[in-house]
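Notes for the one structure printed next.
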Amino acid sequence: MPKKEQIIRLENVSKVYDLGGVQIKALDRINLGICFGEFISVMGPSGSGKTTLLDVLGTMQQPSSGDVVIEGVATNKMGNPELSVFRGKKIGFIFQSFNLLPKLSALENVMVPMWVNRLSKNTREKRAKQLLEEVGLGDRLFNKPNQLSGGQAQRVAIARALAMDPAIIVADEPTGNLDSKSEAQVIDILTNLNKEKGKTIVLVTHEQSIGKKAPKQLFLKDGRIERVVGFSKCDAWQGGKK
Amino acid sequence: MNSELFEIAAKNIKRQGIRTYLTLIGIVIGIAAIVALLSIGSGLGVAIEKQFEGLGTNTIFIIPLGVTGASSEIKNSDIDAIESIRGVEVAVPIYSTAAQFEFSDTKVSINVSAAEAEKSGIFEDTGFFDMKSGRMLTKNDTFSVVIGERIAEDYFDKEISLRTRVKINGKSYRVVGILNEGAQTIGGGGPDTGSTVFMSLKGFEKISDAESPGIVFAQSFSGNDTEEVSERILDYLEDKYGEKSFLVSSSQQLLEQVRAILGLLTIFLTGIAGISLLVGGIGITNAMIASVLERTKEIGLLKALGSANREILTLFLLEAGYIGLVGGVIGIAMGFGLAGAIAFIGEQAGFALVAVMDPVMAIGALAFAMIVGMLSGFYPALRAARLDPIVALRYE
């Protein structure tokens, strides 16, 4: 598979934490390519490095060594201001605990990334409304997070992740705090985003039932890719197979 | 910079509610105290300048310091010698004593000042005396006095009018002139000219045996350098009586000394007021640290969504700056109000106090308040900017 089709490429990426003099290797020489439009889930026991992998490929954390290349750009060589702008435009985040700002309405929460990226007020409002309607919350625009159910809050967070129309969505246990009905809704939305809008989605979960909804599944153990299940148009485990 | 940061910072500050208001109080008190003191301080300065203005630039004061006892008493021969010093136009010794003033069966204690009648024109020339009615003393006046308007109008049941006879230490004197109330005083004649009693030396000799003047006024010829002239007088006196026996000072020098003292006093008091502002600043630091802790997740989120560290820094600095700005505005208003009130009370008590409300001072205080706010907020803002987004987002 030619490298240019890879939207995310990790080359020999390691992440080492220093916990009071003890070196913990959260990621150990990971090689991974994710293609445009792939939907991939990352699974593994706690401490296997799932979240660290997500943080590194989402550019929230720099690797200790190796390259993180997103849309052809080596992000590990960028400085803070440049990387922040890059991240804000290219990657949308969905968190387990939603991370909505409690004092802002649903509409305002969705507008936050567009404010950070300096879109005009009009554009922000129009787009935020449209996104909330798309996730089925057209009637909840002015509710504060504490007036929303968990499922609704997570859908607001999904709308927020889509605000800048990023090519990549990374989701960290997005259904971890949800009941089964809301869980299904969220997974449906993610699946649709992948299928209909061609978003590249990386989903971290510890629940196999959720992870299996992704066409391709990556299993981590001790900071290394243990195995890959499923198929997609591109090979996601170059160099990762034991 | 994102121009909307200003708006967002203002909203965030409002959202903090009670904490913001409490923090504001610290800044308001500090700025109010500083502004009030500066305002009263420069008001005093203005009042003093005004007093000196009338003196002209060629007046010289000679004051025996008295520390060396009788040796620093000025004798008549000294007055003649001073008058013969190059550049000196006239030297007027002023004598004064406490005396009993009797009118309409009431006795009050007052201070009497006296100078040679021929030379007393100097007091009108230098602006010390401003005649309300009647005339100044002349050569032939012995049992004549000029009195201040407060004595004439307020001291006794009946008003003392011109040509009335009054008794001073049992001797009868005729009132020939009444002085307007002014803030200036000469030779210990009372708090101001409103309560001055002034007579000729000949008249003074009838009630007092004081042999040396409390102060000598001299004037240099115009065109002469007054300070050089005053130095020549000092040289003469120190040659004769030793060093530090006299203070010889031109009105200009005296004004500068008073200014210097007033300046020091203002700096000192403002410094004390500054301590309260420092405490206010620490209040801001404290409130901002609490705010950063509370909003850890928000900071993490903003970073995940593309805010650079310096934008987070700016946001929190602006928030702290706003507290300083709003505290500054309220503090300046309160400070000027307080200064106005102090000046009003002072005026009622007979002091020439004014509160100067200088826009430059206000702008300076405002800028200072904002700087204090931002400096106080710098550490918390830096903490916010340096938060690791990963840690911040998972902070519980």
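Read top to bottom, the protein sequences are chains X and L. Under our numbering, the first sequence has 16 at position 9, and the numbering climbs by one with no breaks. Under our numbering, the second sequence has 109 at position 73, and the numbering climbs by one with no breaks. Think of the CB as a built atom: it goes at the ideal place given N, C-alpha and C, for glycine as much as any other residue.
| Asked | Found |
| --- | --- |
| Whole-angstrom C-beta distance between X:A113 and X:L155, which should lie under 8 angstroms | 7 angstroms |
| X:N83 vs X:D74 beta-carbon contact at 8 angstroms | yes |
| Chain X contacts from the segment 334-345 of chain L (Cβ-Cβ distance under 8 angstroms) | E334, G336, L337, L338, K339, A340, L341, G342, S343, A344, N345 |
| Chain X within 8 angstroms of L:I320, Cβ atoms only | no |
| As assigned by DSSP and simplified to three states, the class of L:P129 | strand |
| Contacts that L:I426 makes with chain X (C-beta to C-beta distance below 8 angstroms) | D62, M67, Q68 |
| L:G225 to L:T59 span [Cα, whole Å] | Caution applies to L:G225, whose pLDDT of 40 falls short of 50 and renders its modelled position unreliable; the value that the coordinates give is listed next. Going by the C-alpha atoms only, they are around 51 angstroms apart. |
| Inter-residue spacing [alpha-carbon to alpha-carbon] between X:A164 and X:V117 | 7 angstroms |
| Whole alpha helix (DSSP H) elements within the segment 230-277 of chain L, 4-residue minimum | 237-241, 262-277 |
| Length-filtered (3 minimum) beta strand (DSSP E) runs lying within the segment 132-220 of chain X | 175-179, 207-211 |
| Alpha helix (DSSP H) segment containing L:P425, residue limits | 425-429 |
| CA nearest to the CA of L:T133, picked from L:G317, L:L305, L:E241, L:L337 | L:E241 |
| Sequence-distant residues of the same chain with beta carbon closer than 6 angstroms to X:N201, five excluded per side | F46, I208 |
| Which listed residue (L:R346, L:R331, L:L418) has its alpha carbon closest to that of L:Y431 | L:R331 |
| Residue range of the unbroken alpha helix (DSSP H) whose run includes X:D74 | It is not in any alpha helix (DSSP H) - X:D74 instead sits in the beta strand (DSSP E) that spans 72-77. |
| Inter-residue spacing [alpha-carbon to alpha-carbon] between L:K333 and X:K110 | 13 angstroms |
| Euclidean distance between Cα positions of L:I96 and L:D177 | 26 angstroms |
| Cα-Cα separation, L:D275 to L:E217 | 40 angstroms |
| Extent of the continuous beta strand (DSSP E) run through X:E12 | From DSSP, X:E12 is part of no beta strand (DSSP E); its letter is neither H nor E. |
| Extent of the continuous alpha helix (DSSP H) run through L:K339 | 332-340 |
| Within 8 angstroms, strictly: CB atoms of X:S189 and L:K339 | no |
| Cβ contact (3+ pairs, closer than 8 angstroms) linking the segment 277-295 of chain L and the segment 123-141 of chain L | no |
| Alpha-carbon to alpha-carbon, L:N94 and L:G316 | 49 angstroms |
| Min CB distance L:R51 to chain X below 8 angstroms | yes |
| Three-state secondary structure (DSSP) of L:F88 | helix |
| Interface residues of the segment 154-165 of chain X facing chain L [CB-CB below 8 angstroms] | none |
| Close-in-space but distant-in-sequence residues of the same chain around L:P227 (CB under 6 angstroms, 5 per side omitted) | Any reading at L:P227 must be qualified, since the residue scores a pLDDT of 43, below 50, and its modelled position is unreliable; the value itself is stated next. Around L:P227: no qualifying Cβ. |
| Short CB-CB distance (under 8 angstroms) between X:K32 and chain L | no |
| Alpha-carbon to alpha-carbon, X:M67 and L:P425 | 7 angstroms |
| Limits of the alpha helix (DSSP H) - the one that X:K57 falls within | 57-64 |
| Exposed unless 16 or more other CB atoms sit within 10 angstroms - verdict on L:V427 | exposed |
| C-beta neighbour in chain X for L:E40, strict 8 angstroms | yes |
| L:I407 Cβ short of 7 angstroms to the ligand COA heavy atom set | Ligands in the displayed structure: none, and consequently the ligand COA is not present. |
| Run of the beta strand (DSSP E) containing L:D114, from where it starts to where it stops | First-last for L:D114: 112-119, but that is the alpha helix (DSSP H), not the beta strand (DSSP E). |
| Extent of the continuous alpha helix (DSSP H) run through X:M121 | 113-123 |
| Cβ-Cβ distance between X:T212 and X:S48 below 8 angstroms | yes |
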